[in-house]
Structures are given as C-alpha cells and as structure tokens.
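For reference, the structure discussed in these notes is given below.
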Amino acid sequence: MSDPAAEPAAEPVTAVARTDLLALSRDELTAWLRDHGQPAFRGKQLWAWLWDKGAADFDEMTDLPKGLRQVLHEQACIGTLTRTIEQQSQDGTRKRLYALADGKAVESVLMPYNDGRRTACISTQAGCAMGCVFCATGQMGFQRHLTATEIVEQAWRFDQELKAEGGRLSNVVLMGMGEPFHNYDNALAAIRRLNQDLGIGARHITVSTVGLVPAIRRFAQEGIQVTLAISLHAATDAQRSALLPVNKRWGVDEVVAACRDYVDATHRRVTFEWALIAGENDTPDEAHRLGRLLRGLTCHVNLIPLNPTKGYGGAPTAEPDAAAFVEVLGRYGVPATVRVRRGIDIDAGCGQLRERADAEATQ
Ligand code: SAH
Ligand code: SF4
C-alpha cells in the first residue's frame with residue numbers, strides 16, 4: 036500500500052486563470068470591462084481591436100489607457116492556442132500546427148487564390164472517433180472536442196495574419212481534423228461566431244460531415260446559409276462501410292435521403308466529396324452507380340485524388356481515369372470537378388486538409 040505521506044504535495048496555485056477575450060461575446064466583453072471599472076465605450080474599442088483590426092497584442096491598442104492595458108496584460112489573454120509549427124508552400128499555402136492549452140495538437144491550413152480569396156481549413160476536434168480508414172486523423176483516434184472558441188481562434192489567427200499584410204480572411208471550411216457534427220453544438224456556435232464576429236459571409240463557410248444523419252437533419256432546420264458537404268466516397272453500403280465505418284450505422288440510402296430533404300428544406304446545393312482511390316472507387320461502374328444515386332439532386336461532386344497516408348495502402352487515381360469518372364457523372368446530369376492538389380511540398384503529415392480547402396474555394 037502506498038504511504039499517503041510519500042505522495043508529492045499538490046503544486047501551490049500561483050497563476051491566476053486569465054480570461055480569454057476571444058471567448059467572450061460583445062456583451063460579455065463589455066460586462067468584463069465594466070467589472071474592471073471601465074465605461075461601456077471601452078467594450079466597443081476593445082471589440083474593434085480584437086475582431087475588426089485583428090490585434091494580437093494589448094500594446095497595439097494605443098487608444099486604451101495604459102492602466103487598462105496593464106490590467107489586460109495581467110488578467111486577460113487573446114486566445115489559448117500556441118503555434119508549434121508553421122510551414123509555407125511554394126504555392127502560398129500556409130499550414131499551422133497548434134498546441135491547445137492542454138497540449139493536444141490541431142492543424143489548420145490557409146489557401147490563397149489568385150482571385151483574392153483566402154480560405155482557412157480548420158479543425159473541430161483533436162483526433163476523430165469516426166475511424167475512416169484512409170484518413171490520417173481517423174487513424175490517430177479521438178482525443179477531445181474543441182470548444183467553439185478553439186475552433187474560431189484558428190480562423191481568427193489567419194485573419195489577423197492577413198490583416199497585418201493588408202488583406203483579410205474571406206472563406207472558412209470546417210474540413211480539418213475531426214467530425215464537426217460529432218461536436219455539433221460547438222461547431223454550430225463556431226459557425227455563427229465566424230459569421231457574426233469575424234465577418235465571414237455565411238455563403239463563404241462550408242461544414243463537412245462524414246454523414247451523421249440525425250445531425251444533417253437537425254442542421255437543415257438551423258436556418259443558416261452555409262454550405263453542407265458530405266463525405267460519400269462510395270455508392271454501395273458494402274464499399275462505403277469498408278472505408279467509413281460509420282456507414283454501418285447510417286447507410287448510403289439514408290445519407291442521400293437526408294441530403295434530399297436538406298435540399299428541399301434549405302434550397303441549397305449539397306457538395307459530395309469523393310476521394311478517388313485507384314481501382315477501388317474510381318471505375319466506370321462505380322461512376323454509373325454514383326450517377327444513378329445522385330441523379331436529380333441539387334448537388335456538386337468534388338473528386339479528390341486520394342492523399343496517401345501511412346495507415347492505408349490505397350493510391351490516388353490517375354488523371355485520365357478521373358476525367359472518365361467526371362464524364363460518366365455528366366451523363367446523369369451530376370456536375371463534378373476533379374480538384375488539383377496544392378501545397379504538395381508541405382503536405383508531409385497532413386493528409387487531407389489542403390485539398391479540401393482547395394475544393395471548396397475553387398467552386
Ligand atoms: N470529418 C469531416 C470533415 C473532416 S475530413 C468529414 O469526414 O467530412 C475532410 C475531408 O477529407 C473528408 O471528405 C474526408 O473524407 C477527406 N479525407 C480524409 N482523408 C483523406 C485522404 N487521405 N485523401 C483524400 N481525402 C481525405
Ligand atoms: Fe474523421 Fe472526417 Fe477523418 Fe473520417 S474523414 S476519420 S470523419 S476527420
């Protein structure tokens with residue numbers, strides 16, 4: 036038996052928990068300042084620094100009195116993520132790895148486009164519980180849900196970086212690590228804040244799901260104009276279940292039926308994602324099956340040649356086979372696009388983020 040006296044003493048608590056200002060709504064920020072003896076207009080000023088100007092340091096906030104800046108230094112912080120790795124591709128793609136406050140790691144990617152769009156691909160969970168066999172995140176298992184603020188902060192940081200360069204973030208895709216609809220409330224709260232606080236147009240936000248049918252149905256009732264993307268990848272249950280274990284719970288027909296109802300309820304087009312895997316789901320037969328499945332549905336199919344990952348032996352489809360797949364879908368009136376990969380030189384451990392951001396941003 037262990038001797039309690041031999042247990043190490045608990046660490047004395049020295050640090051006072053700081054308030055993360057990015058976690059506060061406009062009203063909460065004003066209330067926090069009021070509690071610190073500040074007039075209401077300071078709330079407006081500080082909000083503008085954080086969300087309009089993208090200030091990352093209290094010292095930049097030169098119209099705030101020195102005393103207040105001191106209080107902020109001591110008792111507040113701007114975000115909780117710590118950047119651990121940053122990479123920049125030849126084509127301008129930027130990849131960031133962050134440590135969360137508890138040390139867990141998440142990744143986000145920024146894609147710049149010639150037409151001026153700047154798209155952030157952000158994570159909603161550390162790891163993922165869905166276990167899709169070809170996915171680097173699925174292979175790592177589930178760690179935890181991100182809070183709404185942790186989700187928003189990834190986009191906020193890119194926006195801040197871009198504002199410092201004279202630009203701004205224009206699009207966000209929730210297609211990074213994790214399944215957004217497994218973390219539904221936080222993902223939805225994040226989407227609303229990206230729109231309302233960070234000013235990203237709802238139509239410039241996309242959320243991607245592996246196909247959690249009850250959540251798709253719930254999402255159809257939220258009354259928001261963001262784009263819904265569904266990771267389909269196979270048109271038969273046997274094949275889809277082998278790639279996406281969650282298909283055993285909600286099969287292909289149920290997922291597509293939920294999408295049809297979503298389109299009816301929202302009048303919005305659904306995006307389907309399909310990782311093209313050589314000899315696996317890229318044959319003409321498979322294209323015909325997909326065409327029959329999606330015929331008449333207001334949708335777009337994004338075909339992304341598989342990004343090889345350590346835990347999965349499949350290979351990406353060659354260009355001519357991808358083009359043939361698109362041609363077959365066209366016969367069913369199903370629009371499809373093969374997405375080019377970007378940021379290939381910094382892709383090392385990522386596996387998936389970049390192509391997805393690309394797919395969304397070039398629609
Ligand atoms: N969990 C959500 C969103 C994150 S994954 C979802 O599954 O939809 C974003 C997209 O990347 C999904 O379509 C997923 O199937 C795809 N993906 C994952 N690993 C990939 C890989 N190795 N190659 C190509 N696409 C991949
Ligand atoms: Fe999770 Fe999406 Fe990866 Fe599947 S593809 S394991 S749902 S992150």
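All residue numbers for the sequence shown refer to this note's numbering, where the first residue is 36 and numbers rise by one. Backbone N, C-alpha and C define an ideal beta-carbon position, used for all residues, glycine too. Small disclaimer: the values here were computed from a predicted structure and weren't measured.
{"Check": "Under DSSP, the alpha helix (DSSP H) around residue 363 begins and ends at which residues?", "Outcome": "354-366"}
{"Check": "Under the criterion of a Cβ to heavy atom distance below 7 Å, does residue 321 qualify as lining ligand 2?", "Outcome": "no"}
{"Check": "Round the Cβ separation of residue 316 and residue 274 to the nearest angstrom and send it over; I've been treating them as touching at under 8 Å.", "Outcome": "7 Å"}
{"Check": "In the DSSP assignment, find the unbroken beta strand (DSSP E) run with residue 122 in it and report its ends.", "Outcome": "117-123"}
{"Check": "Which first and last residues belong to the beta strand (DSSP E) in which residue 210 is found?", "Outcome": "From DSSP, residue 210 is part of no beta strand (DSSP E); its letter is neither H nor E."}
{"Check": "Leaving out five residues on either side along the sequence, give the residues of the same chain with a beta carbon under 8 Å from the beta carbon of residue 304.", "Outcome": "262, 298, 333, 334, 335"}
{"Check": "Looking at residue 160: is its Cβ nearer than 8 Å to the Cβ of residue 131?", "Outcome": "no"}
{"Check": "Between which two residues does the beta strand (DSSP E) holding residue 372 run?", "Outcome": "371-373"}
{"Check": "Would you kindly work out how many angstroms separate the C-alpha atoms of residue 45 and residue 52, rounded to a whole number?", "Outcome": "At residue 45 the pLDDT is 48, less than 50, meaning the model places this residue with poor confidence and gives no usable figure here."}
{"Check": "Identify which residue in 328, 343, 149 has its Cα closest to the Cα of residue 310.", "Outcome": "343"}
{"Check": "Within the present structure, is the beta-carbon of residue 172 separated from the nearest heavy atom of ligand 2 by less than 7 Å?", "Outcome": "yes"}
{"Check": "Roughly how many angstroms lie between the CA atoms of residue 473 and residue 266, to the nearest whole one?", "Outcome": "Since the first and last residues shown for the chain are 36 and 398, residue 473 lies out of range."}
{"Check": "Which class does residue 90 belong to by DSSP, given the choice of helix, strand or coil?", "Outcome": "coil"}
{"Check": "Between residue 167 and ligand 2, is the CB less than 7 Å from at least one heavy atom?", "Outcome": "yes"}
{"Check": "How many whole angstroms separate the CB atoms of residue 352 and residue 313, which I take to be in contact at a CB cut-off of 8 Å?", "Outcome": "5 Å"}
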